[in-house]
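The working numbering applies: residue 8 is where the sequence shown begins, and numbers increase by one.
Built from N, CA and C at the ideal position, the CB exists for glycine as well.
Fair warning: this is a prediction, and the values are worked out from it, not measured in the lab.
See below for the structure under consideration.
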Amino acid sequence: MPVTVYPWQQAQWQELLQRRAALPHALLFRGREGTGKLDFVRKLAQSLACPTPVANAACGECQSCRWFAAGAHPDYRELIPEALQPAEAEATVAGERKPSQQISVHEIRSLHDFINLTAHARLVLTDSGGVQEETTVLGIPCISLRDTTERPVTVTEGTNRLAGTGRAQILAAFAASSTGRAASVPRFWDGRAAERIEQTLVDIFQPGGLDPPPQEHV
Ligand SMILES: [Zn+2]
Numbered sequence: 008m009p010v011t012v013y014p015w016q017q018a019q020w021q022e023l024l025q026r027r028a029a030l031p032h033a034l035l036f037r038g039r040e041g042t043g044k045l046d047f048v049r050k051l052a053q054s055l056a057c058p059t060p061v062a063n064a065a066c067g068e069c070q071s072c073r074w075f076a077a078g079a080h081p082d083y084r085e086l087i088p089e090a091l092q093p094a095e096a097e098a099t100v101a102g103e104r105k106p107s108q109q110i111s112v113h114e115i116r117s118l119h120d121f122i123n124l125t126a127h128a129r130l131v132l133t134d135s136g137g138v139q140e141e142t143t144v145l146g147i148p149c150i151s152l153r154d155t156t157e158r159p160v161t162v163t164e165g166t167n168r169l170a171g172t173g174r175a176q177i178l179a180a181f182a183a184s185s186t187g188r189a190a191s192v193p194r195f196w197d198g199r200a201a202e203r204i205e206q207t208l209v210d211i212f213q214p215g216g217l218d219p220p221p222q223e224h225v
């Protein structure tokens, strides 16, 4: 059954799902406590990852959706403050320290470990779109166990090979990967997007366009 959200979230839900092909890289959700924001965000992530959405929402039936249900989707990492983790919140009720409202360094490290695993692999077999991108950036050979990819540049320029799910094709891709081939990191995949955005904004607004910022913010 396709996932759905609370009735009071429907307007935002439909709007975001209709824009699913062109969403920005980051979204910030805010609203009143107890309105189900975290649940909304998780369902949106599931919908964006679902390869067979129904009316743009997660189908609830496919492999990707089953991984979400099991809390084991390879592309999904949830970093969450202690205060929102049920076990921590209960421990605190018992009279211990106050749970942190911040995402801890420990959680960031767990993310780092995941990237580290990819960085030190000789070859990666995956059906994760995010991992196809990471291996291309890191220059690690990648075999995608899929027939199509929504990241074609990882195949045309990067280290990714599409092998489908047939045994013979996967073995052929494995043999081809071990001989190596010229691969490059696509243009602009250099981790400097923020600097370019900053420069572009400066170029747009600098020539007498905007008032200088207040002194205390300089
Ligand atoms: Zn699905």
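A distance below 7 Å between beta-carbons, with the five flanking residues on each side excluded, links residue 52 to the following residues of its chain, in chain order: 83. With a beta-carbon spacing of about 5 Å, residue 141 and residue 125 fall inside the 8 Å limit used to define contacts. In this structure, ligand 1 has a non-hydrogen atom nearer than 7 Å to the beta-carbon of residue 68. Between residue 153 and residue 130, the C-beta gap is not smaller than 8 Å, which leaves the two residues out of contact.
Each residue's CA atom was taken as its position, placing residue 149 and residue 16 some 39 Å apart. Checking the DSSP bridge columns, you'll see residue 34 has no partner listed. Relative to the non-hydrogen atoms of ligand 1, the Cβ of residue 65 comes within a distance shorter than 7 Å of at least one. By the 16-neighbour rule on beta-carbons within 10 angstroms, residue 50 is buried. Taking 8 Å as the cut-off, the Cβ atoms of residue 138 and residue 64 do not count as close. With contacts defined as CB atoms closer than 8 Å, residue 111 and residue 85 fail to qualify as a contacting pair. Excluding five sequence positions before and after residue 47, the CB atoms of its chain that fall closer than 6 Å to its own CB belong to 12 and 16, given in chain order.
Shown here, residue 150 sits in a strand according to DSSP, grouped into three states. With three or more CB-CB distances shorter than 8 Å, the region 190-202 counts as touching the region 160-174. Distance from the Cα of residue 20 is smallest, within the candidate group 201, 181, 179 and 43, for 43. Assigned with DSSP and collapsed to three states, residue 112 falls in helix. Relative to the non-hydrogen atoms of ligand 1, the Cβ of residue 71 comes within a distance shorter than 7 Å of at least one.
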